[in-house]
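Reviewing the structure listed below.
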Amino acid sequence: MAKSDKQKLKLLYLQQLFEKKTDEEHQLTIEQMIEELNKVGINAERKSLYDDINMLRDFGYDIIGVRSKHYGYYLADRDFEKPELRLLVDAVQSSKFITKKKSSQLIKKIENLASDFDAHSIHSSVYVVNRIKTDNESIYYNVDKIQDAISNNRRIGFKYFDLNMQKQKINRHNGAEYVVSPWALTWDDENYYLIAYDSKNEQIRHYRVDKMIRINLKDQKRDGRKEFRAFDLALYAKKMFGMYGGRDETVTLRCDKKLVGVILDRFGKNTTLFVDDEDHFKVNINVKVSPVFLAWVFEFGELMEVISPNSVKDELRQMAENMLKRYS
């Protein structure tokens, strides 16, 4: 690039300097700006830099001047604050459905939103290497295809797999293609799920996105609009345990008051609690009764008791008997 062409980029380079080389604790003096711009072949004079700084301010950049030992400038307001960037990094590095490779790429992009000083601080707290991560790189393209299908009101087809003892992918239903109407994506239990309408079985079902392969858009329009108008995704996720299916039941629990936080964390702060006695309360919850739900009840031992319905009590009793036989 010719030197004269570089001069035309002076304002952009100056903007980049403020974004990467300054923050509240690190300012640049006019002399330092001139030196940094010279490194990329741009000549700058003091007066022109004052005009450039005012131009950036007029454009909306919150550039503050500070008088200390030397008068310096820094960018005070950014799209993301450091705590917000840390939150995004934590979400990426703890997400099981994001591969190690993609996690590193995403975290690097997040760091680029910060100053060099904050980026170094954020990077020093990143721990991805030994976390449990999927190895399915296609999940990002799966999400994109599903979003396209939702936007274009189209059904999708896909194969759905499990892993065998040799850790090989084995397609469910003897490799038959699933065809469903996609309506929503949700993140639950550290995994990404597609919520879709299965026209064949006339049911709303969910599928783990990282277990879906060969996704393709169909010419058929989506079905299930009526069902999804009455569908509450938050309520659906709350009723599921580990996104494990089961039959719908209203279950009454009697719990020790030590479990108030557990119940409200799991079912929401709008859940109504009924005082039973000085040390216990009762609560009615709508759940999908499954082995995962029953195991969740067992986790709390004597602190939690199922009062009704009898069918759930019978299942708990049977599970306890089976476990006792196995380990006796």
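Start counting the sequence shown at 5; every next residue gets the next number (the numbering used here).
Don't be surprised by glycine CBs; every beta carbon is placed ideally from N, CA and C.
For residue i, which residues from the same chain have a beta carbon less than 6 Å from its beta carbon, with the 5 sequence-adjacent residues on both sides left out?
i, result
"Phe232", "Trp187"
"Ile114", "Leu89, Leu92 and Val93"
"Lys86", "Asp122"
"Gly228", "Ser185 and Tyr201"
"Leu277", "Phe285 and Val287"
"Ile154", "Pro186"
Got a sec, what are the start and stop residues for the beta strand (DSSP E) residue i sits in?
i, result
"Asp166", "Arg158 to Leu167"
"Leu341", "As shown, the chain starts at 5 and ends at 332. That puts residue 341 outside it, with no answer to give."
"Arg212", "Gln207 to Arg212"
In chain order, what residues of the same chain have a beta carbon less than 7 Å from the beta carbon of residue i, not counting five sequence neighbours either side?
i, result
"Arg176", "Tyr164, Phe165 and Asp166"
"Thr33", "His74, Tyr75 and Gly76"
"Phe235", "Ile208"
"Lys262", "Leu307"
"Leu268", "Thr275"
"Met323", "Leu298"
"Ile111", "Val93, Val96, Gln97 and Val130"
Got a sec? Which residues, its chain only, sit under 8 Å from residue i by beta carbon, not counting five neighbours each side?
i, result
"Leu60", "Leu15, Leu18, Gln19, Phe22 and Ile67"
"His127", "Ile111 and Glu115"
By alpha-carbon positions, which one of the options ends up nearest to residue i?
i, options, result
"Lys10", "Glu28, Glu40, Thr26 and Val44", "Val44"
"Glu319", "Leu239, Lys262, Lys173 and Glu253", "Glu253"
"Glu40", "Lys25, Glu29, His30 and Lys51", "Lys25"
"Asp139", "His127, Ile154, His284 and Ser99", "Ser99"
"Ile143", "Lys222, Lys204, Arg212 and Ser108", "Arg212"
"Phe304", "Ser332, Tyr331 and Cys259", "Cys259"
"Glu29", "Gln224, Gly69 and Gly64", "Gly69"
"Ala80", "Gln170, Ser107, Ser119 and Asp27", "Asp27"
"Glu141", "Glu309, Leu13 and Lys104", "Lys104"
"Gln151", "Glu309, Lys329, Val310 and Leu221", "Leu221"
Evaluate residue i with the Cβ neighbour count: other Cβ atoms within 10 Å of its Cβ, from every protein chain shown; 16 or more gives buried, anything less gives exposed.
i, result
"Asn178", "exposed"
"Leu279", "Looking at the sequence provided, one finds Val at residue 279 rather than Leu. It is exposed - the Cβ of Val279 has fewer than 16 other Cβ atoms within 10 Å."
"Met327", "exposed"
"Arg159", "buried"
"Met216", "buried"
"Tyr182", "buried"
So the alpha helix (DSSP H) residue i belongs to, where does it begin and stop?
i, result
"Gln97", "Lys86 to Ser98"
"Pro295", "Pro295 to Glu303"
"Arg61", "Arg50 to Phe63"
"Gly69", "Taken as a continuous stretch (DSSP letters only), Gly69 belongs to no alpha helix (DSSP H), being part of the beta strand (DSSP E) at Ile67 to Arg71."
"Ser108", "Lys104 to Glu115"
"Asp122", "Asp120 to His127"
"Glu35", "Ile34 to Lys43"
Compute the distance between the beta-carbons of residue i and residue j, then report whether it is under 8 Å.
i, j, result
"His210", "Ile199", "yes"
"Thr275", "Leu237", "no"
"Ser315", "Thr256", "no"
"Asp214", "Tyr201", "no"
"Leu117", "Phe84", "yes"
"Asn157", "Lys225", "yes"
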